[in-house]
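Visitor: Have a look at this one before I ask anything.
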Amino acid sequence: MEKITHIAVVPGPGFSHLIPILEFSKRLVKLHPLLHVTAFIPTLGSLSSVSKSFLKTLPPSITPTFLPPVDPIDIPQGLETAIRMQLTVTYSLPSLHNALKSLTSRTPLVALVVDNFAYEALDFAKEFNMLSYIYFPKSAFTLSMYFHLPKLDEDTSCEFKDLPEPIQMPGCVPIHGLDLHHQIQDRSSQGYELFLQRVKRFCTVDGIFINSFIEMEKEPIRALAKEWNGYPPVYPIGPIIQTGMSPMGPLN
């Protein structure tokens, strides 16, 4: 009997982060029949009915495992959605550690793939002797911006929206500071601090999968692949789109 290879994935909280990494997992197991994926799912409160319906469409080679839900009362009210998502993962880390410890005691895991909001889970990859990856369901242009942000933060004293000249990034068209992600427009905010922490971790992994392809983003992808840039390997594996669901539930 041929040996099954096992990996673990950790989505970010919420439907919009659960679906992309599970669609990626479906692509993996379809291309590699001897691969098994265990998805450790952090949640804030109860899982939505749409998410539950989607999970029922997963193939047997993908096992969803729910971490104990974070009580919404533990998350301060009035926070931005991105901060609430980040805190949900943070509060789920002890449960995730226990789940990984239990699984690795029975089944060797070769890799841990996380959503960018679950970057704190990357610490467990080294502990359990796994390769570490981020699944980034966005464009190569956006990833370039993420990589460029720490340097931009060091070199800039004003708010990005007040920069007089467009921002230059390798392989990308110049972008005005006002057009950067809304979460980094207030550099004194908690959201900006967490965003910066998140993107700094992108350079510490063994690789990043992006939902893009060379025919669509030739220059940004080529720039990301330059050996001298110090970035981890970037793998354009798109396009990956959602299958098996409509807005109201599973498709026939």
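Per our numbering, the very first residue in the sequence shown carries number 605; after that it's consecutive.
Each residue gets a CB set at the ideal place from its N, CA and C atoms; glycine is no exception.
These numbers come from a predicted model, not from an experiment.
Do the CB positions of Lys765 and Leu782 come within less than 9 angstroms of each other?
Guide: The answer is yes: Cβ separation under 9 angstroms.
Visitor: I need the straight-line Cα distance from Thr642 to Val654, nearest angstrom please.
Guide: About 20 angstroms.
Visitor: Measure from the alpha carbon of Met734 to the alpha carbon of each residue in Val717, Ser743 and Ser748, then state which is nearest.
Guide: It is Val717 whose Cα lies nearest to the Cα of Met734.
Visitor: What residue ranges within the segment 640 to 682 form continuous alpha helix (DSSP H) runs of no fewer than 4 residues, ordered along the chain?
Guide: Counting only runs of 4 or more, we get 653 to 659.
Visitor: Pair every Cβ in the segment 802 to 820 with every Cβ in the segment 832 to 848, then say whether three or more of these pairs are closer than 8 angstroms.
Guide: Taking 8 angstroms as the limit for Cβ pairs, the verdict is that the segment 832 to 848 does touch the segment 802 to 820.
Visitor: By Cβ distance, which residues of its chain are closer than 7 angstroms to His621, with the 5 residues on each side in sequence left out?
Guide: Contacts found: Pro615, Asp719 and Phe721.
Visitor: Count the other C-beta atoms from every protein chain shown that fall within 10 angstroms of the C-beta of His640, then say buried if there are 16 or more, exposed otherwise.
Guide: Classification of His640: buried, given that the 10 Å Cβ count is 16 or more.
Visitor: Would you check if the segment 644 to 660 and the segment 691 to 703 touch, i.e. whether three or more CB-CB distances between them fall below 8 angstroms?
Guide: Judged by Cβ distances under 8 angstroms, the segment 691 to 703 makes contact with the segment 644 to 660, as three or more pairs qualify.
Visitor: What is the residue span of the alpha helix (DSSP H) that His610 lies within?
Guide: Careful: His610 lies outside any alpha helix (DSSP H), inside the beta strand (DSSP E) at Thr609 to Val614.
Visitor: Applying the 10 Å Cβ sphere with the 16-neighbour rule, what's the burial state of Gln690?
Guide: Per the 10 Å Cβ criterion, buried.
Visitor: From Pro680 to Leu638, what distance separates their C-alpha atoms?
Guide: Answer to the nearest angstrom: the Cα atoms are 43 angstroms apart.
Visitor: Smallest Cα separation from Thr661: which of Gly811, Pro672 and Lys630?
Guide: The residue with the shortest Cα to Cα distance from Thr661 is Lys630.
Visitor: Indicate whether Tyr739 and Ile825 have their beta-carbon atoms separated by less than 9 angstroms.
Guide: Going by C-beta atoms, Tyr739 is not nearer than 9 angstroms to Ile825.
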